[in-house]
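Residue numbers (the numbering used here), protein chains in the order written: chain A, 1 to 202; chain B, 203 to 285. Here the structure is laid out as structure tokens; the discussion comes afterwards.
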Amino acid sequence: MNDAPLSLEALRAGDRTEFARMVAQYSAPVYRLGLKITADEQDAEDVLQETFVKAMKALPGFEGRSSLATWLFRIATNEALMVLRRKKPQVTLVEETGDADEEEGVPHPQQIVDWCCLPEAEMLSSETKAEMDRAAAGLSPALRSVFVLRDLQGLSVRETAEVLGVAEAVVKTRLVRARLKLREALSAYFGERMQKVSADEE
Amino acid sequence: MKNKGHCEDLLASLSDYVDGTLDGQLCEALEQHLQSCHNCTVVVNTLRRTVELYQQEELDAMPEAVHQRLLHRLHLDDFLHEG
Chain A
1 MNDAPLSLEA LRAGDRTEFA RMVAQYSAPV YRLGLKITAD EQDAEDVLQE TFVKAMKALP
61 GFEGRSSLAT WLFRIATNEA LMVLRRKKPQ VTLVEETGDA DEEEGVPHPQ QIVDWCCLPE
121 AEMLSSETKA EMDRAAAGLS PALRSVFVLR DLQGLSVRET AEVLGVAEAV VKTRLVRARL
181 KLREALSAYF GERMQKVSAD EE
Chain B
203 MKNKGHCEDL LASLSDYVDG TLDGQLCEAL EQHLQSCHNC TVVVNTLRRT VELYQQEELD
263 AMPEAVHQRL LHRLHLDDFL HEG
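Structural data, given as structure tokens:
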């Protein structure tokens, strides 16, 4: 399958080959997005399938006001957030009553450990990766979706705002909160690793 | 963070700072503060490293079986071995 730009016209007309090319181009990023937001492989697969089933139905009416990628990510993010809501109904209440996260303001850093000097191998270990996943999964759905779109999928602040249907200022506030929380979690983890490394050296 | 009030004002702009998109004046003010505040310097460095670690994280590959089931669900099985 070639990587030539997709033809919106063909997609809207229901061209199967063009749709298959769209699936080939976007299935991996959509799967990853679902996996990072839901933190569950089965849920990620459901998100993936639902996203393309919905896209197939909605394509004839797609006006192309946003890019195809943004549009697909919007469907996928909504699916992923819906999965989370179904699994944890209590999360819905928090999210819909003004998002308790935002009312707290920006979290004040507690962990002041400079772990930047730790060996690269330590930072790339599978244990570190598991800790990073745990930390990201610990973010609220509102913070997690911003963080996943911006830092893991590499979307700009503007594109992230477009996908989520919120103002850019909201994306920026959530992003700084998400990043500071992750920094806090990784600092606690690496702080312990540093103590261990220096204890081993003695 | 000894100078708590000042540090908190700066916290909100840290994300833009590590992305290199902070407005000029604020950026200058932040850098000036960093010269005299060790704790903020540690926070900025570890925040930047945190973001880098996530951004560099290896992509999770989509399992082949997941791909097959997706194409099947979309009635596109005939495209399975293309691409």
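Virtual Cβ for every residue (Gly too), placed ideally from N, Cα, C. Just so you know, these numbers come straight off a predicted model, no measurement behind them.
Handout entry: 4 or more residues per run - each alpha helix (DSSP H) lying fully within the segment 103-154 of chain A
Key = 120-123, 126-137 and 141-147
Problem - Complete runs of the alpha helix (DSSP H) confined to the segment 216-263 of chain B [at least 4 residues] - result: 216-221, 226-238 and 240-258
Handout entry: Within chain A, the residues that glutamate 259/B reaches when beta carbons sit closer than 8 Å
Key = Numbered from its first residue, the second sequence carries residue 259/B at position 57. Residues of chain A passing the Cβ test: Lys129, Met132 and Leu152.
Exercise for the section: Taking C-beta pairs closer than 7 Å, name the residues in chain B that methionine 194/A reaches, listed in chain order. Expected result: Translated into positions along the first sequence, residue 194/A becomes position 194. None at all; the shortest Cβ gap to chain B is about 12 Å.
Problem - When Glu122/A, Glu168/A and Val30/A are compared against glutamine 49/A, the one with the closest alpha-carbon - result: For the purposes of this step, residue 49/A is taken as the residue at position 49 of the first sequence. Considering only alpha carbons, the answer is Val30/A.
Practice task
Could you please tell me which residues of the segment 107-120 of chain A, in chain order, have their CB closer than 9 Å to any CB of chain B?
Solution key: Pro107, His108, Pro109, Gln111, Ile112, Val113, Asp114, Trp115 and Cys116
Problem - Helix, strand or coil at arginine 177/A according to DSSP, with G and I counted as helix - result: For the purposes of this step, residue 177/A is taken as the residue at position 177 of the first sequence. Helix, per DSSP.
Handout entry: Inter-stretch contact at 8 Å, needing at least 3 Cβ pairs: the segment 135-149 of chain A / the segment 30-42 of chain A
Key = yes
Handout entry: Beta-carbon proximity list for leucine 299/B, same chain, < 7 Å, skipping 5 on both sides
Key = Coverage of chain B is limited to positions 203 through 285, which leaves residue 299/B absent and any answer about it impossible.
Problem - alanine 76/A in three-state terms, based on DSSP - result: Translated into positions along the first sequence, residue 76/A becomes position 76. Reduced to three states, the DSSP call for alanine 76/A is helix.
Exercise for the section: Can you tell me which of the three DSSP states valine 166/A falls into? Expected result: One-based indexing of the first sequence puts residue 166/A at position 166. It is coil, neither helix nor strand.
Problem - Which of helix, strand or coil DSSP assigns to alanine 39/A - result: Your numbering for residue 39/A matches position 39 in the first sequence. Coil at alanine 39/A, not helix or strand.
Problem - Simplified DSSP assignment, three categories, for glutamate 192/A - result: Within the first sequence, the letter at position 192 stands for residue 192/A. DSSP places glutamate 192/A in helix when its eight states are reduced to three.
Handout entry: Closest by C-alpha distance to valine 113/A, when choosing among Met194/A, Glu18/A and Tyr26/A
Key = Working through the first sequence from its first residue, we reach residue 113/A at position 113. The residue with the shortest Cα to Cα distance from valine 113/A is Met194/A.
Practice task
Closer than 9 Å, Cβ to Cβ, to anything on chain A: give me those residues from the segment 208-236 of chain B, in chain order.
Solution key: In summary, the residues of the segment 208-236 of chain B whose CB is separated from some CB of chain A by less than 9 Å are Cys209, Glu210, Leu213, Ala214, Ser215, Leu216, Ser217, Asp218, Val220, Asp221 and Thr223, in the order they occur in the chain.
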